[in-house]
Amino acid sequence: MRRKVTPQEADRQFAYDCWIDNTMPMVTVVSTLDVTRVIRYSKKHKKKLNMLMCYCIVKAASKIKEMYTFLDGKQLFTSERMTIQTIIAREDGELRFCDLPYCDTLEEFNQYYENNTRRVKETGEHIIDGEGAPIYTSCVTNMYLDVAVNQFNDKFTQPFLAWGKYRKVFPWRYKLPISMQFHHVQMDGRAAGEFYNNLQSEFDKLH
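Just so it is clear: in the sequence shown, position 1 is 13 by the working numbering, and no numbers are missing.
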């Protein structure tokens, strides 16, 4: 369950004072990661690439305490669990949000992914969790994407990750720039760096 916390309780008092009234408090960082094992796993086990990306992202984020504290307007909240949101394109071209819970195992996460995305496509309804600490994602599959920068919207301040088509850099090696935007009240560059290191580690565990 979500609960309100003060900046002091969240150990973010200094950041809160510095950034909460800033006209542009969002930070965008990009890192190019090796996704060779993700690509191979997807092909070998016939698993959706977007599912694998979401699983690795939320698992990497789950190890970072700052990711469990987030802003809604100017109020800080915390949650004991985490969710990740993917965007589903329906046959009519309309886009829908689909939240997925963090799961320890890939098998369990894949089951949620298949069930939830199918439900969104069939009903046209968004699936919004509303209780977990959220991460947003967007995959643009028809282009090579270097970086994605959003305008500031105080209704969407949670971490947002975006990526495009992966790139073949050597025979049988693939890399992918992954862009992350986050609110400076929530975390600093150190936590972002820790997240990317965790993410590369999760990619490398797939085999």
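Positions of the beta carbon are idealized from the N, C-alpha and C atoms, including for glycine. Every value quoted in this text rests on a predicted model; they were computed, and no experiment measured them.
For this session: Over the uninterrupted beta strand (DSSP E) stretch that includes D158, give me the two end residues.
Result: Element bounds for D158: n/a, residue is neither H nor E.
Exercise. Helix, strand or coil: how does DSSP classify T95 here?
Worked result: Taken through DSSP and simplified to helix, strand or coil, T95 comes out as strand.
Exercise. Using the beta-carbon count (16 or more within 10 Å), is R15 buried or exposed?
Worked result: By the 10 Å Cβ count, R15 comes out exposed.
Problem set entry | Cβ shell of Q170 (< 7 Å), same chain only, five flanking positions each side left out | Result list for Q170: F82, P146, I147, Y148, in chain order.
Problem set entry | Helix, strand or coil at R102 [DSSP, three-state] | DSSP places R102 in the coil class of the three-state scheme, outside both helix and strand.
Exercise. Okay, do the stretch 168-182 and the stretch 117-132 touch, 3+ Cβ pairs below 8 Å being the bar?
Worked result: No contact exists between the stretch 168-182 and the stretch 117-132.
For this session: Could you check what DSSP says for C66 in three-state terms: helix, strand or coil?
Result: Assignment of C66 by DSSP, reduced to helix, strand and coil, places it in the helix class.
Exercise. Hey, would you say P189 sits closer than 8 Å to T44, going by beta carbons?
Worked result: Remark: C-beta atoms of P189 and T44 approach each other more closely than 8 Å.
Exercise. Are the stretch 64-83 and the stretch 201-214 in contact at 8 Å, needing three or more beta carbon pairs?
Worked result: The stretch 64-83 vs the stretch 201-214: in contact.
For this session: Identify, in the order they occur along the chain, each residue of the same chain with its Cβ nearer than 6 Å to the Cβ of R108, setting aside the five sequence neighbours on each side.
Result: Counting only residues of its own chain and dropping the five nearest sequence neighbours on each side, R108 has a CB closer than 6 Å to the CB of I100, V132, H138.
Problem set entry | Euclidean distance between Cα positions of V47 and L88 | Cα to Cα, the separation comes out at about 34 Å.
Exercise. Considering only residues of the same chain and omitting the five flanking positions on each side of W31, which have a CB-CB separation below 6 Å?
Worked result: Residues P37, H196, V197 of the same chain have their beta carbon placed closer than 6 Å to that of W31, with the five preceding and five following residues left out of the count.
For this session: Would you mind reading off the limits of the beta strand (DSSP E) that contains Y148?
Result: Here the beta strand (DSSP E) through Y148 covers 145-151.
For this session: Out of Q163, K59, E134, E214, point me to the one whose CA is closest to T35's CA.
Result: Nearest to T35 by alpha-carbon distance, out of Q163, K59, E134, E214, is Q163.
Problem set entry | Opening and closing residue of the beta strand (DSSP E) in which L112 lies | Secondary structure note for L112: its beta strand (DSSP E) is the uninterrupted segment 107-113.
Exercise. So what does DSSP say about K16, is it helix, strand or coil?
Worked result: Note: K16 maps to strand in three-state DSSP.
Exercise. Roughly how many angstroms lie between the CA atoms of F215 and Q20, to the nearest whole one?
Worked result: Taking the straight line from one Cα to the other gives about 34 Å.
For this session: Verify whether the separation of the beta carbon atoms of T95 and D111 is less than 8 Å.
Result: A distance below 8 Å separates the beta carbons of T95 and D111.
Problem set entry | Element boundaries [alpha helix (DSSP H), containing R179] | Taken as a continuous stretch (DSSP letters only), R179 belongs to no alpha helix (DSSP H), being part of the beta strand (DSSP E) at 179-182.
Exercise. With burial defined as no fewer than 16 other Cβ atoms inside 10 Å of the residue's Cβ, what is the status of R24: buried or exposed?
Worked result: With 16 or more other Cβ atoms within 10 Å, it is buried.
Exercise. Near K86, what residues of its chain come up, given a Cβ to Cβ distance below 7 Å and the 5 sequence neighbours on each side ignored?
Worked result: Only I32 meet the Cβ criterion.
Exercise. CB of G136 to nearest heavy atom of the ligand NAD: below 7 Å?
Worked result: What this structure holds is no ligand at all, so the ligand NAD is not there to describe.
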